[in-house]
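Numbered according to this note's numbering, the sequence shown spans residues 454 to 599.
Built from N, CA and C at the ideal position, the CB exists for glycine as well.
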Amino acid sequence: EPILILLDEIPPYFHYYSTQVLGQGTIADVVTRAFSNMLTAAQKKKNVCIVVSDLEAAYDTGGKLIQRALDDATQELGRAEVSITPVNLESNEIYEILRKRLFSSLPNKNEISEIASIYAARLSEAARAKTVERSAEALASDIEST
């Protein structure tokens, strides 16, 4: 029977453990070794899959400790590791997903451009009143592209 071990949002815990002194090191040293041991044990079983979600850079120290454990397991067993990015936040992919989920139909390009222009005009007024920081042109461009 297949076994899935899903570890979601653990970098904050590793980050916290890195601040807790234990002997000559920190609790993070112990937890990282235990995590690496779990990965090694799972590799020996054909029916076990471990999924670790890690928001890159959100908890830099925690992410580095997780990577260290993955590196240790890789050295020990030549472990297979696959990095999966479900949604590329640096592209318009998230907007495409939201559009499909939120709207049954979209206005045509001319209507979108008109709305973006009107929004840019109102935003320019707000910028002149010093109530916003981003330029109207930048936001209008974002509206059209997303």
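Is it true that the CB of residue j sits closer than 8 Å to the CB of residue i?
| i | j | result |
| --- | --- | --- |
| Ile456 | Asn490 | no |
| Ile458 | Ala481 | no |
| Ala569 | Glu597 | yes |
| Phe467 | Leu518 | yes |
If you run the structure through DSSP and keep just helix, strand and coil, what is residue i?
| i | result |
| --- | --- |
| Thr479 | strand |
| Leu559 | coil |
So the alpha helix (DSSP H) residue i belongs to, where does it begin and stop?
| i | result |
| --- | --- |
| Ile571 | 562-581 |
| Ile547 | 546-555 |
| Pro465 | 464-470 |
Would you decide whether residue i is buried or exposed? Buried here means 16 or more other CB atoms lie within 10 Å of its CB.
| i | result |
| --- | --- |
| Val484 | buried |
| Tyr548 | exposed |
| Ala522 | buried |
| Pro464 | buried |
Pull up the DSSP beta-bridge partners for residue i, would you.
| i | result |
| --- | --- |
| Ser459 | Checking the sequence, you will find Leu at residue 459 rather than Ser. Paired residue(s): Val504. |
| Val484 | DSSP output for Val484 lists no bridge partner at all. |
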